[in-house]
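The structure under discussion appears below in the form of structure tokens.
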Amino acid sequence: MLALSLAYAGFAALALAMRRHHRQVWHRDPPNALRHAFRAGGILCLALAFAVCIAGDGWLVGPVTWFAVLSASALVFDFVLPYAPRAAATASLMMLPVAAVSFWPWL
């Protein structure tokens, strides 16, 4: 669940870093600083999802799990974005607390 929520938030951040999708959700162009922040946050979330998959399944199965998690989260995000763009963006913000709650047992 942790890797899935991080991957979804990462894909949402990378999509919102693009002018087209940002305009689709918020009806305005993003400032350059915000685009760079979204891009960095998306890459960070995807890297953290990779680390979680490696920590959970090891180096042999972890990358395969990561690709499965990326595929599942991208599929969900791509189906939600055209029909409910604000819901897709809001769901990505809701994924970060889900990731924090999922991370709690690891502490």
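Numbering (my numbering), first residue to last: 1 to 107.
All residues carry an ideal CB built from backbone N, CA and C; glycine is no exception.
Item, Value
"Same chain only: Cβ atoms within 6 Å of His21, ignoring 5 sequence neighbours per side", "Ala15"
"Completely contained alpha helix (DSSP H) runs for the stretch 55-103, where each covers 4 or more residues", "85-103"
"Range of the contiguous alpha helix (DSSP H) that encloses His21", "19-26"
"Supposed contact pair Leu48 and Leu6 - C-beta distance, whole angstroms, cut 8 Å", "5 Å"
"Under 8 Å between C-beta atoms of Ala17 and Arg28", "no"
"Proximity of Ala13 and Trp66 at Cβ, strictly below 8 Å", "no"
"Residue of Arg19, Gln24, Gly10, Met1 minimising C-alpha distance to Leu81", "Gln24"
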